[in-house]
Amino acid sequence: MPLLRCRGPSWHALRLQTNRLTVKRGRQLTQEGQTGHNAVVVQSGWACNYKELPTGRRQIISFPIAGDCCGLRSILLRTADHSFSVLTDAVVSAVEGPKIMKCVTDFPAPGRGGARTRS
């Protein structure tokens, strides 16, 4: 008996991830100010979201790890408001912006009818 019953947006979220990519540590996947990029789900490894400061230093915003999705806000804003790089060798999956926007449009209230636990 399954623990989760996937319906509605939960099922579609599983199908959003495409193109598993193995990347070497230090690779930047999104540059602050970039447009037309994909969101990314970290499958394995560590990454960081950061802002470039005028001094050339970086201000770390977060450390995404396996299972975290990065870049959703940037898809909605249409411009990346921070950069994203992997800190270790990592495996990531791209999530295309148009697919995210279609999911948001098709399922505006994901809390209703999403994945539900069985009792």
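Number 76 in numbering that gives the first Met the number 0 belongs to position 77 of the sequence shown; there are no gaps in the numbering. For every residue, glycine included, the Cβ atom is placed at its ideal position computed from N, Cα and C.
Beta-carbon separation of residue i and residue j under 7 angstroms?
i	j	result
Val85	Ala38	no
Ala79	Glu31	yes
Tyr49	Ser82	yes
Helix, strand or coil for residue i, going by three-state DSSP, please let me know.
i	result
Thr104	helix
Lys98	helix
Expressed to the nearest angstrom, what Euclidean distance is found between the alpha-carbon atoms of residue i and residue j?
i	j	result
Leu52	Ile74	22 angstroms
Val22	Cys47	14 angstroms
Thr104	Pro97	10 angstroms
Thr29	Cys69	10 angstroms
Starting from the Cα of residue i, find the closest Cα among the options and give me that residue.
i	options	result
Thr34	Gly96, Lys101, Ile99 and Arg77	Arg77
Ala65	Thr54, Val40, Arg72 and Lys50	Val40
Would you mind sorting residue i into buried or exposed? The rule is 16 or more other CB atoms within 10 Å of its CB.
i	result
Ile59	exposed
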